[in-house]
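Protein chains in written order, with the working numbering: chain H, 2 to 627; chain X, 409 to 906.
Structure, rendered in C-alpha cells:
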C-alpha cells in the first residue's frame, strides 16, 4: 500500500495541465486548484511522516530501463525535505494568487509552478540517481521558463539563458559522476547500481571494492552538479541575474526549494562522501565556507533589494554545504545540522522574498533600495514581517536562525578541536558579521529615514488577508527553534549536539550585533553624508563581482567559444566548397574527355587495341615478377 | 506470414497514393495510420517474450539451383529483431509525420514519393538478404532525390545531385563489399548466397584474407558513416536539409540517418570482433570529434533549419560512439551501451520531426527562418513558440524528452572505455545547449520584431500534429521500459555471440 506515496508528486502533476485549462476559461480561478493539489501532497507527506515514526523507510521501485529503476524512497531525511518543500510551496502559491492577480498570463504561471513542485517533490523522493537527475533537469527547466516568464524583457530572457547554461555545466558533470559509479558498480551489483538505498547502505563496501579515489572522483563530480544547482562558488553567477523573474518565483525556486536541491543531493548520498577519500569532504567544506564568506561580501554592495537577498541565499547555502562537509570529522551530525538550517532558511528566506514582493508591488517593481526609504511608517505590517525575517537571517536569539546557524558554527569549532582546520570556523564566523551587515543595510535603507522617491512616498500595505502566508512563515521563523533537538534526533538518533564553552558560543551573537552596528553606520553615511565611494578601487572590484561574470561572458564565451565556432564553421564551409569544386572539376574533365568520343568506329577500335595491349603488357610484367 | 503481406499491402498503398489525386494526403495518412496500428499490435503479440533472436522469419525461394557440388540460391527473406521491429514502427510513424505536414496539398506525386521513402525504409529494416537490402537502400535514396530535386527551394538541382552522388558513392562501395563477401563465400562453401546471416558471420569472416576483410569493412563503414553522417563525410546533409521541403527534411533526419545507425548496429555489429583495435579507436575518435564539431558548426549557423540539421547529425554521433565503445567494453556495460545507441537511433527521429514541423509552421507565417529575422515570437504565437522551444530542449538532450535516454546510456557506458575523455562529450553537449538556448532567446524571447506584422497562431490541425509529435517524444523520454527491454535483449544476444 505504500505505493500510494507516488501520489506525492502526481497530485501537483495533475495541476500542470489543469491549471492551464481552468485559467484559459476562468482566469480569476487561477492558482486555486494548484494550491489544493499541493495541499494534498503536503497531507500525504505528513502521513508518510507518521508512517515512518514506527516503520522502516518506504521503498517502492519498478524497472525503468535496463538496470535503472524508477521508484520512491522515503526515509527520515526525505520526509523532512519533502515536508519543507510542499509546505513552503503551498505558502508561496497562496501568496502568488495575490501577487500575480493582475497578470494576464497567470494561468501559465500557475501551471509552470505546478510542474516545478511536481519535479521538486519527485527529486526529493525518487529512489534512483537517474530518476533524480530527470527531475533535477525538470526543475532546471521550470526555473528557465519562470525566470523568462516575462519573456518580453530582454534582461529576463538573457538571465534565463544564463541560469540554464550555468546549471547545465554542473548537470552534465553530474552525469559523468553517475558514469563513474555505474561503470564501477555494475560489476558488483548488476541489479540496480544507481539506486539510492543501495548506494547509501553499502557505501563502505563500495569504497573497499572500487577504491577510495574512484569513489572520490564520483563524489566530486556529483558535487559539481550540486555546486551549479546550489549556486556555490565558482558557479554562483546565475542566481543574482535570475531575480528578473516574478518575485514569487525567486522565493519559491531561487531561495527556498530548487537551490537547496544541491545541498540535499550531497546530504542524500552523504555515505558515499564519507567513505571516499578524505579530500572530497574537505572540498565540500572548503567550497561551502568560502562561498558563505564570498557571497556575503558581494551582498553588501548590491543596491537591488532582490539581489541582496539572492547573495544572502548563496551565502546561507554555503553554510549548509560547509556543515555537511564538517561530517568528514564529526560524522552524520554535520548533515543533520545542515538540513535543519536548510529547513529554517527555506522558511525565513521565503518570508523575506515575499515581503520584498509586497514592497515591489507597492513600488511598481522599483527595486533600487537607494530610492526607497521611510517605508516603516507607510507599510508597518510588511516592515515588521520583514524585520522578523531579517533578525532570523542575522541569527539573533531567540529566532530559529540563531539555533540553526549557531549549531553549525559550534560544530565547525568542534571540527577544529578534533583535528580539522580552523579556517571553516573563521570563515563562517566572519560571514556572520557580513550577514548582519548586508541584511540590515538593506533593511535600514528600505524602511528608515525619509522616502527618497515619489513611489516610496505613496506606498501602502496591502489587505492583511493577503499577508496571511507571510504571517504563518514569520511565526515559524520565530518559533521553529524549539524543534531543534527533536529535529536532529529524528534525522539521526546518534546526533552529537555541541555546546562549546560560553566564550566561544557568544562570539556569533556578538558578531551579529556588531554587524548590525556596522550596517547602521553604512546606512547613516550613505543617506545623510552622501559619501561617494564609487571610485574606491576595492569597492569597484567588489561591485564588479570580482570580475567573475566578465571572465565567463567576455573571455570564455566571447574569446574562446565564439571564435572557435566561427573558425570551425568557416572551415566547414570551405570544406563544403572544396567538395563542390571537386565535383565541378570532375565534370570539366568529363567535358574534356567527351571530345575523344567522336562516334567513329575506327577510333574506338584503335583505342580498344591500345588499351588491351597496355593491359597485356602489365599482366606480362606481373608474371615476370612472380 | 504477417510480414510479407504487410510489405505487399504497403506497396499497394504506395502505388494507390500516386494516383489518388487530391485525396493523396488523407488517403496516405489514414492508410499508414491503420498500417502502423496493425504493426504495433502485431509486434506486441510477437515480441511478448523476446529473447534477442531473429523472429517472424519468412523465406521465399526465388531461385535454387544445384549442380555438381555448386549451389546457387536467391531468397527473399524477411525477419525482425527487437531493434528492427522498433525501427519499422519508427519509420511508419515518421512517414506519417512527414505526410501530415506535406505542403503541397493536391500533388499526389509528392505524397507518393514520401510514401515510397517510407516503404523503402520499412523494407530495408525487415529484409534479411543483402541483395534486397541493397535494393531497398536505393528505394529510399531515389524518391528522396526526386523530393529534393522537384520540390526543393533554392538551388535544388545542384544540391539534389550532390546529395545523390555523395550518398551513392557510399552505396557503391556497399555493393562492392557485398559482392566480394558473397564471392568469397562461394569460393569457400561452393554456395552462392546473399543471406545476411550467412555473410555477416563471424566464423566465415575469420577465414577471409586480410585484404578482403578490410575492404569489406571499409565499404560497409563508408556507406553507413556517410548515412549517419560522421564528421568528414557529412557535407551532403546540411545542404540537402536546407533545400528539401520540410516533410523531406523529416524523412531525411528521421529515416535516412537511422539507416546509418541500423547499418552499424544491426548489420555490421556481429563481425566487429574482427575489427583491429586501431580502427575501433579511430571510430570512437570520429564520434567524439563529431559531437564537438557539429556542436560548433551548428552554433555558427544563422539559419534555424541548417542549425537543426547539423545538430541532428551531432545527435547521431552518439551512435558512432556507442558502436565504437561497445566493441571494447564487456558485460552489462556493453549491453547498456549498445541498447543506448539503438535507442538513440530510434528516438532521435521523433525529436527532429518536432523541430522541423514546428519550424515549418513558424516559417509559413513569418517567411523567414533566419535567427535574426525573428524575435519575440512568443507574443504573437505562444503555441507555436512553445512547441518549438520544446523541440529545441529535446534536441539538447533534456530528460523527459526522447533524446535523453539514449544519450545518457551512451555517455555513461562509454566511460568504461574512454574514461575521462567522456568530458569531451559533455563539452559538446554544453555547446549544444548554448546555441539552442541562444537561438530560443533570439527568436522567441525579447522584443517582438514588428516588421513581421501581426501573425496568427497555430490552427487546430497544426496544433494537433505538433501535440502528437510532442507526446510521442515525451513518451520515448519517460516510458522507455518496453522498448529498452527489446533492445537490451537483442543487444545481449549480440554480445553473447562472441
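The beta-carbon is built from N, C-alpha and C at its ideal position, and this holds for glycine as well.
| Residues bridged to residue 474/X (per DSSP) | 479/X
| residue 810/X to residue 423/H span [Cα, whole Å] | 49 Å
| query | Should residue 127/H go down as buried or exposed, given a rule of 16 or more other Cβ atoms within 10 Å for buried? | reply | buried
| said: For a test of the three-state rule: what should DSSP assign to residue 151/H, helix, strand or coil? | reply: Three-state DSSP puts residue 151/H in coil, outside helix and strand.
| field | residue 8/H - DSSP class collapsed to helix/strand/coil | value | When secondary structure is reduced to three states using DSSP, residue 8/H falls in the helix class.
| query | In chain order, what residues of the same chain lie with their CB nearer than 6 Å to the CB of residue 517/H, ignoring the 5 residues before and after it? | reply | 437, 441
| Should residue 622/H go down as buried or exposed, given a rule of 16 or more other Cβ atoms within 10 Å for buried? | exposed
| request: Determine the DSSP secondary structure at residue 627/H, reduced to helix, strand or coil. | output: Caution is warranted here: a pLDDT of 48 is assigned to residue 627/H, below 50, making its placement in the model unreliable, and the coordinate value is therefore given only provisionally. It is coil, neither helix nor strand.
| Integer-rounded CB distance, given that residue 322/H should sit under 8 Å from residue 264/H | 6 Å
| Can you name, in chain order, every residue of its own chain whose Cβ lies under 8 Å from the Cβ of residue 879/X, other than the five neighbours on each side? | none
| If you check the beta carbons only, do residue 943/X and residue 670/X fall under 9 Å apart? | The requested residue 943/X does not occur in the structure, where chain X is confined to residues 409 to 906.
| task | Go to residue 571/X, then tell me how far its beta strand (DSSP E) extends in each direction, as first and last residue. | result | Per DSSP, residue 571/X belongs to no beta strand (DSSP E); it is in the alpha helix (DSSP H), 564-597.
| query | Excluding the five sequence neighbours on either side, which residues of its own chain have a C-beta within less than 6 Å of the C-beta of residue 450/X, listed in chain order? | reply | Counting only Cβ-Cβ distances below 6 Å, and skipping sequence neighbours, we find 410.
| query | Roughly how many angstroms separate the alpha carbons of residue 494/H and residue 487/H, rounded to a whole number? | reply | Taking the CA atoms as reference points, residue 494/H sits about 9 Å from residue 487/H.
| field | Any 3 or more C-beta pairs closer than 8 Å across the segment 811-818 of chain X and the segment 876-892 of chain X | value | yes
| Which residues bound the beta strand (DSSP E) around residue 60/H? | 59-66
| task | Could you spell out the range, first to last residue, of the beta strand (DSSP E) harbouring residue 71/H? | result | 69-75
| message | Threshold first: 4 residues or longer. Then list the alpha helix (DSSP H) segments lying entirely within the segment 409-487 of chain H, N to C. | response | Within the segment 409-487 of chain H, the complete alpha helix (DSSP H) segments of 4 residues or longer fall at 424-448, 455-458, 469-480, listed in chain order.
| task | Verify the CB distance criterion: does residue 852/X have a CB-CB separation below 9 Å to chain H? | result | Yes, because at least one Cβ of chain H sits closer than 9 Å to the Cβ of residue 852/X.
| Buried versus exposed call for residue 807/X [16 or more other C-beta atoms within 10 Å across all chains shown] | buried
| query | Closest by CA to residue 535/H, which one among 303/H, 171/H, 53/H? | reply | 303/H
| message | Run through the DSSP bridge pairs and tell me what residue 537/X is partnered with. | response | 603/X
| field | Buried/exposed call for residue 427/X, threshold 16 Cβ in 10 Å | value | exposed
| message | I want to know whether the segment 366-383 of chain H touches the segment 325-336 of chain H - three or more CB-CB distances under 8 Å. | response | no
| field | Alpha-carbon to alpha-carbon, residue 442/X and residue 758/X | value | 19 Å
| Does the segment 554-562 of chain X come within contact of the segment 647-665 of chain X, defined as at least 3 CB pairs closer than 8 Å? | yes
| message | Using C-beta distances below 7 Å, list every residue in its chain close to residue 627/H, excluding the 5 sequence neighbours before and after it, in chain order. | response | Per-residue confidence for residue 627/H stands at a pLDDT of 48, beneath the threshold of 50, marking its modelled position as unreliable; the derived number appears in the next sentence. Once the five neighbours on either side are set aside, residue 627/H has no close Cβ partner at all.
| task | Can you tell me which of 902/X, 777/X, 903/X, 897/X puts its alpha carbon nearest to the alpha carbon of residue 66/H? | result | 897/X
| query | Starting from residue 440/X and walking both ways along the alpha helix (DSSP H), at which residues does that stretch end? | reply | 432-454
| query | Terminal residues of the continuous alpha helix (DSSP H) containing residue 649/X? | reply | Counting along the chain, residue 649/X sits inside the alpha helix (DSSP H) bounded by residues 644-651.
| Applying a beta-carbon distance threshold of less than 7 Å, which residues of chain H neighbour residue 808/X? | By Cβ distance, chain H contributes 135, 139.
| Can you pull the DSSP bridge partners for residue 547/X? | According to DSSP, which records beta bridges pairwise, residue 547/X is partnered with nothing at all.
| Separation of residue 700/X from residue 19/H, as counted between CA atoms | 41 Å
| query | Secondary structure at residue 330/H, three-state DSSP: helix, strand or coil? | reply | helix
| Residue from 644/X, 876/X, 545/X, 608/X whose Cα sits closest to the Cα of residue 902/X | 608/X
| request: Since I believe residue 428/H is in contact with residue 294/H (beta carbons under 8 Å), could you give me their beta-carbon distance rounded to a whole number of angstroms? | output: 5 Å
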